[in-house]
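Structure, as structure tokens:
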Amino acid sequence: MKNIRFLLLFFGLFEARYVAVAQIVEQPDPLRPSKSDSTKTSADSSSISSADKGEDEDDMADSTKVDYRYKFTADGTVTSGNVSRTLLQLTGAVDFQLSHYFKLSTSPSFVYGKQNELLAEREWFGDLRTTFRHEKRLYYLAFGSYERSNLRQIARRLTAAAGIGYKLLNRQRAYISLTNVILHENTDFFELNDIYIFRNSVRLFGEYKFDKDRWTITHTAFYQPALGTYNVRWNASLSVQVKLTEVISLRSTVANAYESLVVPGRQNDDFRFTVGLVYEKK
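Residue 1 is where the sequence shown starts when you use the UniProt record's numbering, and the numbers rise one by one after that.
Written out as structure tokens, the structure reads:
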């Protein structure tokens with residue numbers, strides 16, 4: 001296992017020297033619900049009616065609660081020589097469970113990058129989400145977010161959204177959820193005219209654990225077309241994470257994002273490959 005970790009770290013740092021770094025306009029990975037797939041097997045389970053048995057497994061899961069959970073990630077790269085490049089990326093995820101029905105979450109991020117002593121990236125993202133019936137298979141969510149991007153030349157992007165989510169799979173070591181929200185976006189570009197549009201935002205999120213939870217694979221994909229006009233945003237990421245200690249992990253992530261409307265001189269696509277450390281406490 002030590003050899004695998006060393007090779008993964010070496011490969012990640014080697015690749016990070018040569019892949020063009022760019023901020024991905026995306027929300028960081030959320031924390032999955034803490035529910036496992038353990039079900040009641042006591043004698044009183046025989047008294048459950050057939051209607052109750054039709055409920056999803058979340059209703060039958062262990063009622064143990066985790067009131068406060070958090071995760072922080074730091075990654076990036078530094079190179080010098082013919083090309084000088086610096087990239088620092090900080091992300092976080094915090095869940096605070098207010099009750100059996102309500103949960104507050106946030107996934108802030110900050111990216112800072114220079115290339116040949118010129119500022120390339122200084123990206124801010126912050127959000128606040130509330131989830132109703134978060135322990136059920138069908139749940140409801142609403143959120144607002146703020147974004148500022150030097151890379152995309154966005155002075156300010158404000159969004160507000162509300163919709164529903166559905167857990168396609170909710171096992172202890174495998175989780176997949178699908179959410180669909182109607183989102184209102186107000187984007188203030190440095191050069192382009194401001195836009196005020198509604199989008200339909202679909203997100204597919206999955207997390208899978210292997211080898212006694214030592215390895216974790218996470219994927220997130222957003223597709224956000226505007227309503228009534230052609231303006232599409234989408235992004236997707238895939239992360240592989242391996243535990244070094246109980247709370248520290250090494251993570252490698254590949255991600256790509258696309259926006260159909262960008263300021264002159266900017267590309268529609270951004271791709272990145274990063275390696276970093278994760279501190280996670282549950």
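A virtual CB, placed ideally from N, CA and C, is assigned to each residue, including glycine.
Between residue 284 and H219, how many whole angstroms is the CB-CB distance? I'm expecting something under 8 angstroms.
The displayed coordinates of the chain run from 1 to 282. Any statement about residue 284 would go beyond what the structure contains.
For S107 versus L90, is the C-beta distance shorter than 8 angstroms?
Stepping through the sequence shown from its first residue, residue 107 is reached at position 107. Stepping through the sequence shown from its first residue, residue 90 is reached at position 90. Taking 8 angstroms as the cut-off, the beta carbon of S107 is found no closer than this to the beta carbon of L90.
Check Q153 in the structure and name its three-state DSSP category.
Your numbering for residue 153 matches position 153 in the sequence shown. Coil at Q153, not helix or strand.
Which of the three DSSP states is assigned to T229 in this structure?
To locate residue 229, count along the sequence shown from 1; it is residue 229. Residue state, collapsed to three classes: coil.
Hey, how far is the Cα of E123 from the Cα of V262?
Taking the sequence shown and counting its residues from 1, the one referred to as residue 123 is at position 123. Taking the sequence shown and counting its residues from 1, the one referred to as residue 262 is at position 262. Taking the straight line from one Cα to the other gives about 16 angstroms.
Tell me whether residue 283 is buried or exposed, calling it buried when 16 or more other Cβ atoms sit within 10 Å of its Cβ.
For residue 283 there is no data in the structure shown, the boundaries of the chain being 1 and 282.
Taking 8 angstroms as the cut-off, decide whether the C-beta atoms of R199 and P225 are in contact.
Locating residue 199 in the sequence shown gives position 199, where the first residue counts as 1. Locating residue 225 in the sequence shown gives position 225, where the first residue counts as 1. Yes, Cβ-Cβ distance for R199 and P225 is below 8 angstroms.
From R137, F190, Y146 and G144, pick the residue whose C-alpha is nearest to that of I164; which is it?
As a working mapping, residue 164 is identified with position 164 in the sequence shown. For I164, the nearest C-alpha among the options comes from R137.
Where the beta strand (DSSP E) through Y101 begins and ends:
Here residue 101 is taken as the residue at index 101 of the sequence shown, counted from 1. Unbroken run through Y101: none, as it is neither H nor E.
Please determine, among L169, D188, F96 and F125, the residue with the shortest C-alpha to C-alpha distance to T131.
For the purposes of this step, residue 131 is taken as residue 131 along the sequence shown, with counting starting at 1. When only C-alpha atoms are compared, the closest one is F96.
F102 to L227 span [Cα, whole Å]:
Here residue 102 is taken as the residue at index 102 of the sequence shown, counted from 1. Here residue 227 is taken as the residue at index 227 of the sequence shown, counted from 1. Distance between the alpha carbons of F102 and L227 is about 30 angstroms.
Assigned secondary structure, V262 (DSSP; H/G/I helix, E/B strand, else coil)
Translated into positions along the sequence shown, residue 262 becomes position 262. The answer is coil: DSSP assigns V262 none of H, G, I, E or B.
Within a Cβ cutoff of 6 angstroms, which residues of the same chain sit near F125, ignoring the five residues on either side of it in sequence?
Counting from 1 along the sequence shown, the entry for residue 125 is found at position 125. Contacts found: S109 and E147.
For Y196, which of T245, N256, R157 and K281 has the nearest alpha-carbon?
In the sequence shown, residue 196 corresponds to position 196, counting from 1. Looking at the Cα atoms, R157 is the closest of the given residues.
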